[in-house]
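For the sequence shown, the working numbering assigns the number 16 to the initial residue and increments by one for each residue that follows. Heads up, the beta-carbon is just placed ideally off N, CA and C, and yes, glycines get one too. It should be emphasised that the depicted structure is a prediction, and the values quoted were computed from it without experimental measurement.
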Amino acid sequence: MKEMSPLEEIRHSAAHVLATAVLRLYPDTKLDIGPPTDTGFYYDFDSEIPFTPEILLEIEAEMKKVIKENQRFEKIEVSREEAKSIIKEMNQETYKLGRLDDIPDDEAISFYSNGEFKDLCAGTHVSYTKKIKAFKLLQIAGSYHRGDASNKQLQRIYGTAFPTKDELTQYLEQVEEAKKRDHRNLGKDLGLFHIDEMVGQGLVLWKPNGAIIRQELESFISKELKKQGYSQVYTPHIGKLDLYRTSGHFPYYQDSQYPPIIHRECLSELASEGCSCSELSNKLDEGEIEGYLLKPMNCPMHIRIFRSEQRSYRDLPVRFAEFGTVYRWEQSGELNGMTRVRGFTQDDAHLFIREDQLQDEIQGCLGLVKLVFSILGMDDYRVRVSLRDPDSDKYVGNADAWDKAESALREAVKKLGVDYEEEIGEAAFYGPKIDFVVKDVIGREWQLGTVQVDYNLPERFDLSYVGADNKNHRPVMIHRAPFGSMERFCGVLIEHFAGNFPTWLAPEQVRILPMNDDLLSFAEECSQAFLKHEIRVSIDRQSAKLGAKIRRAENEKIPHMIIIGKKEAEEGKVSIRSRNNPDLDGTCNVQDFIKQIVNEIESKALPKKRKEATNT
């Protein structure tokens, strides 16, 4: 059992206090589990009473009473039979007996008690409830028992806890700021994307404004890939099951994939034979039935492109890049706007290289990831090296290949000159990887860019190239994706910039605000001048006061506004109000402003903050 940190102990103890309070107020409630999390804690409850925000306040008040009682947390080790008796005495058989069955026979069974409350728990906890000095219940959500949609949906209460009130206050302020930046709300307000129930959960519809952001990002990365010698490829959205059997994605990871698409003739034949669902599943797993699979990964198809012709050592490295859409079956409760979806497009690339090219190519991939983050002002990040767990059977290939791949990544990450940590058991099933974990402007962390080294898929697909010795040799593969997923990355960007995108990414870059209809003709002339330089511009033609037009443009987070009055039109000038670059505020002629905007776009400048007004 992993030892808990002091903060985890506080949060774990707060979860038990939460359960104590709920049972005091609603004694018929059935308990499931209540662990600490990275940001706080939760507990899952089965109650006939729907927990409301008002009830949440009542529970929180009761928790404060429990804490004030300064109850002691005591560990009790028991036999399995004693554990069953305790659970029955507590009238908590519904879920706790199943949790008891999860404990291996050779592992100790323990309860933790505080006051009248006991819970099946391995620990650990603080010594007394008064050690929980700062906590807050946050929200109520639905959660299926054991995360399985076929089980009953429980009520999950989320909370957080910290050692001090100042830390709690800081976190709650961060939560409020996160709500303001929520990409789901901003995406709707700014017309970026839509998720439609008729289309399907987790399937993103990119609206015109969102499509512009995506296109600009794709164009940016495509230009960088050309500089590095990548070749663009395109692959279909589905492929034969045998392709993914060979790669290892099917059937070993079929729970995270869409169900296979079986040939119509085969389905008819199986139906006539009275084939059951379980028999069908077994036949699929054993390769007795052929069909197709919605693409869960791009790499097997890139491998087949590489294998489609004979390669020489002189041809390597071969670098294939694709904005390839893949599909994963995420649980409904895990879906979240653009950051957790079922269909997403990866800025994917696969490099086929000689072993002596490995370090140079890894460094090229890492440099690209760093460039992306630098351009977007995401300079606060850490690096995680994800390695295999030698005791796990989820990994393919031999130990020697894994050792070589892991050593290569360790050597590469040391050259980055940034702090890194190693995580055992977090590697992909075919190879270790370097993940970039980026901290956004309000301190939240996101796993984004990734680089993976793979000795195993070239082996599984029998890839080769002809070496200088005129013999066949096995290439090494690198998988890399600087953005990771276009959907997730754009969701993170929306929140990172709070919708106030750099001018080069902004769906609308300039809005022209004529003060009255008489000025529309000059506004149109200005618009055409912007369009000639491929600047995205619009004219606010509504009959409204200037103040209302400015507020609308600000709400829609337009980077630059140009205001046209009678005087400006007569002089052939415009008055500039810029959210992205206050240095541009003022009056100038249109062509000078265009030069400034073009420079801002081409340099991919980040938005500048306005100076806070001060009293003198």
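Assigned secondary structure, residue 360 (DSSP; H/G/I helix, E/B strand, else coil): Annotated three-state conformation of residue 360 is strand, per DSSP.
Segment contact flag, the region 426-442 with the region 401-416, C-beta cutoff 8 Å, min 3 pairs: yes
Name the DSSP beta bridge partners of residue 341, please? 359
Per DSSP, which residues does residue 266 bridge with? Please list them. DSSP lists no partner for residue 266.
Considering Cα atoms alone, identify which of 82, 51 and 529 is closest to residue 584. 529
Pick from 507, 605 and 300 that is closest to residue 196, judged by C-alpha positions: 507
How about residue 361 and residue 308: are their beta carbons less than 8 Å apart? no
Tell me the rounded alpha-carbon separation between residue 369 and residue 491. 6 Å
Let me know if residue 669 comes out buried or exposed under the rule of 16 or more other beta-carbons within 10 Å of its beta-carbon. Nothing about residue 669 can be reported from this structure: the residues present for the chain run from 16 to 631 only.
Quick check on the burial criterion: 16 or more other C-beta atoms within 10 angstroms. Buried or exposed for residue 458? exposed
Host alpha helix (DSSP H) of residue 154 (start-end): Note, residue 154: premise wrong, no alpha helix (DSSP H); beta strand (DSSP E) at 149-159.
Could you tell me if the beta carbon of residue 207 falls within a distance shorter than 7 Å of some heavy atom in the ligand SAH? Among the components modelled here there is no ligand, and therefore nothing to report on the ligand SAH.
Among 365, 569 and 426, which residue has its Cα nearest to the Cα of residue 493? 365
What are the boundary residues of the beta strand (DSSP E) that includes residue 78? Looking at the DSSP string, residue 78 is not in any beta strand (DSSP E); the run it does join, the alpha helix (DSSP H), is 68-83.
Inter-residue spacing [alpha-carbon to alpha-carbon] between residue 343 and residue 312: 9 Å
With respect to the alpha helix (DSSP H) encompassing residue 537, which residues constitute its N-terminal and C-terminal limits? 535-547
Please identify the residue among 37, 49 and 85 whose C-alpha is closest to the C-alpha of residue 72. 37
Spatial neighbours of residue 132 within its chain, please: CB distance less than 6 Å, with the 5 preceding and 5 following residues excluded, ordered by chain position. Within the same chain, residue 132 has close Cβ partners 35.
Alpha-carbon to alpha-carbon, residue 470 and residue 383: Cα-Cα distance, rounded: 22 Å.
Spell out the partners DSSP gives residue 221 in its beta bridges. Residue 221 is bridged by DSSP to 208.
Separation of residue 336 from residue 240, as counted between CA atoms: Here the C-alpha atom of residue 240 lies approximately 8 Å from the C-alpha atom of residue 336.
Within 10 angstroms of the Cβ of residue 117, are there 16 or more other Cβ atoms? Answer buried if so, exposed if not. Answer is exposed; the Cβ neighbour count stays below 16.
Euclidean distance between Cα positions of residue 614 and residue 593: 15 Å
Secondary structure of residue 189, DSSP reduced to three states: helix
Could you tell me if residue 562 is buried or exposed, where buried requires 16 or more neighbouring beta carbons within 10 angstroms of its beta carbon? Residue 562 comes out exposed.
Cβ pair residue 219, residue 502 closer than 8 Å: Their beta carbons are under 8 Å apart, which means residue 219 touches residue 502 by this criterion.
Which listed residue (110, 270, 167 and 94) has its alpha carbon closest to that of residue 48: Comparing Cα positions, the closest option is 110.
Would you call residue 279 buried or exposed, if buried means 16 or more other Cβ atoms sit within 10 Å of its Cβ? exposed
Please work out which residues of its chain come closer than 7 Å, Cβ to Cβ, to residue 600, disregarding the five sequence neighbours upstream and downstream, and give them in chain order. Closer than 7 Å at the Cβ level, and outside the excluded window around residue 600, lie 591, 592 and 593.
Please report the straight-line C-alpha distance between residue 156 and residue 447, rounded to a whole angstrom. 35 Å
Quick check: the Cα distance between residue 210 and residue 357, rounded to an integer number of angstroms? 11 Å
Cβ atoms of residue 225 and residue 505: under 8 Å apart, would you say? yes
Is residue 278 helix, strand or coil when you go by DSSP? coil
Compute the beta-carbon to beta-carbon distance between residue 480 and residue 330, rounded to the nearest angstrom, for a pair I have assumed lies under 8 Å. 7 Å
How long is the line joining the alpha carbons of residue 631 and residue 454, rounded to whole angstroms? Reliability of the predicted coordinates at residue 631 is poor, the pLDDT of 34 falling under 50, and the value obtained from them is presented with this limitation in mind. Rounded to whole angstroms, residue 631 to residue 454 spans 37 Å at the Cα level.
Can you tell me the Cα-Cα spacing of residue 619 and residue 232, whole angstroms? 11 Å
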